[in-house]
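Below: one structure, written as structure tokens.
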Amino acid sequence: PDDYGEIMAMGIVKILQPTPLKLIKSRWEKLYLSREIEVSLSPNIISEKLRYIGSDWSAQREFFGYLLRESKYLLFDLSSIVSYSENLKLAEKGYNAEHLYLRQINFALIFSSEHNVPVMIKAIPGSIRDIKSFKHIVKSMGIKSCVVVLDRGFASYNLAELMKEKEIKFILPLRRNFKAIEYELEMEGSFIYRKRGINWVKKEVAKDFIYLYKDVKLRAEEETTFIEMIEDGKRTRRDMIKERKKFGKIAILLNIDGSGEEVYLLYKQRESVEVAFDAMKNELENDKTYLSDDDAVRGYFFISFISLYIYFRILDILRQKNLIGKMSPNEVLFELSKVYLIYYSDGEKRLSEIPAKAEKIERILGLNLFPKT
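Final position of the sequence shown in the working numbering is 609; the numbers increase by one with none missing.
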């Protein structure tokens, strides 16, 4: 509670505009909120706050636990940023998504599918990957009785024991070379996803299920790409005959029996996590030189989480108004930021002229920001 002002100020500034830590104070002072929330944002104070926030995992855990409490469908993923700092114990050598062995800091993100918001983030030493980090977070956060959507990086591990103990159901996309996948199965159902025809079939395998999907457009795209590789001498016709059965197909392993469309939609929601990771990694690249110790890194991740949470809450408002694809959170924030509150010498204060687009956004979203009187 003693630090909420600085936490909110840093989170709000970073969602409005990517701003290096040393410039947050000057950016905050241009916002009307700076008159409503009194905070200290000098570079030295920010560094102290980040270290303090990062060292207090107990408070972070309580906060994340509050967000997790009503989430039944969770998307889990792990990513990393490269760091060459000798002062960071979190920066350890490990393999990243491109299979490069580098000094890095890993971070796990959990996203709530039904609430469309991130619900937890945690910085992890760079040598720890996938299943070990997942097990630790499941146990430390008390996650149970839910459905977890994982990344295909978990496909080579046996999750059954942990999932059974915590009563967790899982949805796990498989690598294409997974031996249990039968690509020759005849498709039994179909549906449309974002104007793409999807065929599907499921098969029971040792009390679990493998769902096999065939994306009609993806199949054509992959075959075209393979033909181009043959033309360039990188692959052969014999390779294509062997691989053709896999074109356009996605296999998903899960320990629940559901409809093909429902499972596919949960799988595709992983795109939300990927958007979140991209946004975070861009920000971290800008600021990682200012993060001199492990607690500061953990504090910075928490502030980044607050920014992400605000972003996805705005995105959810747009989703409720059927505006996804027509308007982005960044566009909403940019257009509304064109409105100023002007203070006059006689004590009066009035809004500046309101641009037509800002007025339209305010009206469509029902924000009631600009009273008529």
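All residues carry an ideal CB built from backbone N, CA and C; glycine is no exception.
Boundaries (first-last residue) of the alpha helix (DSSP H) holding F462: The sequence position of residue 462 within the sequence shown is 226, counting from 1. Where F462 is concerned, the enclosing alpha helix (DSSP H) stretches over V452 to E467.
Where does the unbroken beta strand (DSSP E) through V385 begin, and where does it stop? Residue mapping note: residue 385 aligns to position 149 of the sequence shown, counting from 1. Note, V385: beta strand (DSSP E), V383 to V385.
How would you write the range of the alpha helix (DSSP H) that N280 sits in, first residue to last? Mapped onto the sequence shown, residue 280 falls at position 44. That run of the alpha helix (DSSP H) goes P279 to S291.
Under three-state DSSP, which class holds N491? If you number the sequence shown from 1, residue 491 lands on position 255. In this structure, N491 counts as coil in the three-state DSSP scheme.
Validate contact between the stretch 378-388 and the stretch 577-584 using beta carbons, cut 8 Å, 3 pairs: no
Excluding sequence positions up to five away, which residues of its chain have a Cβ less than 6 Å from the Cβ of M356? Numbered from 1 along the sequence shown, position 120 holds the residue referred to as residue 356. Answer for M356: F300 and I346, listed in chain order.
Between which residues of its own chain and L277 is the CB-CB distance below 8 Å, once the five residues before and five after are set aside? As a first step, residue 277 must be located in the sequence shown, where it is residue number 41. Excluding residues within five positions, the ones whose Cβ falls inside 8 Å are E242, A245, M246, I260, K261 and W264.
Nearest neighbour of I407, chosen from S564, S316, I317 and R506 [CA to CA]: Position 171 of the sequence shown, counted from the start, is the residue given in the question as residue 407. Per the Cα distances, R506.
Straight-line CA distance for K371 to I463? Working through the sequence shown from its first residue, we reach residue 371 at position 135. Working through the sequence shown from its first residue, we reach residue 463 at position 227. Approximately 42 Å between the Cα atoms of the pair.
By alpha-carbon positions, which one of S291, V437 and E422 ends up nearest to Y500? Position 264 of the sequence shown, counted from the start, is the residue given in the question as residue 500. Ranking the options by Cα distance to Y500, first place goes to V437.
Whether L304 touches N342 by CB criterion (9 Å): Walking along the sequence shown from the start, residue 304 turns up at place 68. Walking along the sequence shown from the start, residue 342 turns up at place 106. Cβ atoms of L304 and N342: not closer than 9 Å.
What's the C-alpha gap between I553 and L601? Counting from 1 along the sequence shown, the entry for residue 553 is found at position 317. Counting from 1 along the sequence shown, the entry for residue 601 is found at position 365. Between I553 and L601, the C-alpha separation is close to 7 Å.
For P361, does the three-state DSSP call read helix, strand or coil? The count along the sequence shown starts at 1 and reaches residue 361 at position 125. Looking at P361 - three-state DSSP - the assignment turns out to be strand.
Sequence-distant residues of the same chain with beta carbon closer than 7 Å to R412, five excluded per side: Locating residue 412 in the sequence shown gives position 176, where the first residue counts as 1. K482, listed in sequence order.
What does a CB cutoff of less than 8 Å around D239 pick up in its chain, not counting 5 residues either side in sequence? Counting from 1 along the sequence shown, the entry for residue 239 is found at position 3. Excluding positions up to five away in sequence, the list reads K285, Y288 and I289.
According to DSSP, is A512 helix, strand or coil? Here the question's residue 512 lines up with position 276 in the sequence shown. Three-state result, A512: helix.
Since N352 and L551 are thought to touch, with beta carbons under 8 Å apart, how far apart are those beta carbons, to the nearest angstrom? Start at 1 with the first residue of the sequence shown, and residue 352 comes out as number 116. Start at 1 with the first residue of the sequence shown, and residue 551 comes out as number 315. Right, their Cβ atoms sit about 7 Å apart.
Whole angstroms is fine: what's the gap from K593's alpha carbon to S543's? Within the sequence shown, numbered from 1, the residue matching residue 593 stands at position 357. Within the sequence shown, numbered from 1, the residue matching residue 543 stands at position 307. Their Cα atoms are separated by approximately 24 Å.
To which residues of the same chain is K329 closer than 7 Å at the C-beta, ignoring the five residues directly before and after it? Taking the sequence shown and counting its residues from 1, the one referred to as residue 329 is at position 93. Excluding sequence neighbours, K329 sits near Y337, L338, R339, G362 and S363.
Determine the DSSP secondary structure at V275, reduced to helix, strand or coil. Counting from 1 along the sequence shown, the entry for residue 275 is found at position 39. V275 falls in the coil class under three-state DSSP.
On a Cα-Cα basis, can you pick out the residue from I539, V533, I477 and D292 that is closest to P254? Here residue 254 corresponds to residue number 18 of the sequence shown, with the count starting at 1. If we check each option's Cα against that of P254, I539 comes out closest.
Can the beta-carbon of I251 be found less than 9 Å from the beta-carbon of I546? Within the sequence shown, the letter at position 15 stands for residue 251. Within the sequence shown, the letter at position 310 stands for residue 546. Closer than 9 Å, so yes.
Use the C-beta contact count for R586: other C-beta atoms within 10 angstroms, 16 or more gives buried, fewer gives exposed. In the sequence shown, residue 586 corresponds to position 350, counting from 1. R586 comes out exposed.
Beta-carbon separation (whole angstroms), N280 vs D529, contact threshold 8 Å: Residue mapping note: residue 280 aligns to position 44 of the sequence shown, counting from 1. Residue mapping note: residue 529 aligns to position 293 of the sequence shown, counting from 1. With 8 Å as the limit, N280 and D529 do not qualify as a contact, their Cβ atoms being about 14 Å apart.
Could you give the distance in angstroms between the alpha-carbon of N604 and the alpha-carbon of L410? The residue given as residue 604 occupies position 368 in the sequence shown. The residue given as residue 410 occupies position 174 in the sequence shown. Roughly 47 Å separates the two Cα atoms.
Sort out for me which residues DSSP pairs P409 with in a bridge. Position 173 of the sequence shown, counted from the start, is the residue given in the question as residue 409. DSSP output for P409 lists I488 as bridge partner(s).
So, under 8 Å CB-CB, I446 and I417 are touching, yes? Tell me the CB distance rounded to an integer number of Å. Taking the first residue of the sequence shown as position 1, residue 446 is located at position 210. Taking the first residue of the sequence shown as position 1, residue 417 is located at position 181. Yes, I446 and I417 are in contact; Cβ-Cβ is about 6 Å, under 8 Å.
In this structure, how does DSSP classify F577 when only helix, strand and coil are distinguished? The residue given as residue 577 occupies position 341 in the sequence shown. According to the sequence displayed, residue 577 carries Leu and not Phe. Three-state DSSP puts L577 in a strand.
Starting from N435, trace the beta strand (DSSP E) in both directions and tell me its first and last residue. Within the sequence shown, numbered from 1, the residue matching residue 435 stands at position 199. Per DSSP, N435 belongs to the beta strand (DSSP E) from R432 to V441.
Given L572, which residues of its chain have a CB within under 6 Å of its CB, disregarding the five upstream and five downstream residues? Sequence index remark: in the sequence shown, residue 572 carries index 336 (1-based). For L572, where only same-chain residues beyond five positions count, the Cβ hits under 6 Å are A594.
Hey, how far is the Cα of L569 from the Cα of A442? Locating residue 569 in the sequence shown gives position 333, where the first residue counts as 1. Locating residue 442 in the sequence shown gives position 206, where the first residue counts as 1. Cα to Cα, the separation comes out at about 50 Å.
Taking only three categories from DSSP, how would you classify S588? The residue given as residue 588 occupies position 352 in the sequence shown. Coil at S588, not helix or strand.
Would you give the residue range spanned by the beta strand (DSSP E) that I341 belongs to? In the sequence shown, the residue the question calls residue 341 occupies position 105. Residues Y337 to S348.
Between A487 and L448, is the Cβ-Cβ spacing less than 9 Å? Counting from one through the sequence shown, the residue named residue 487 turns up at place 251. Counting from one through the sequence shown, the residue named residue 448 turns up at place 212. For A487 and L448, yes; Cβs fall inside 9 Å.
Which residue from K258, I597 and R271 puts its Cα closest to that of E567? Reading the sequence shown from its first residue, position 331 is the one you call residue 567. Answer by Cα proximity: I597.
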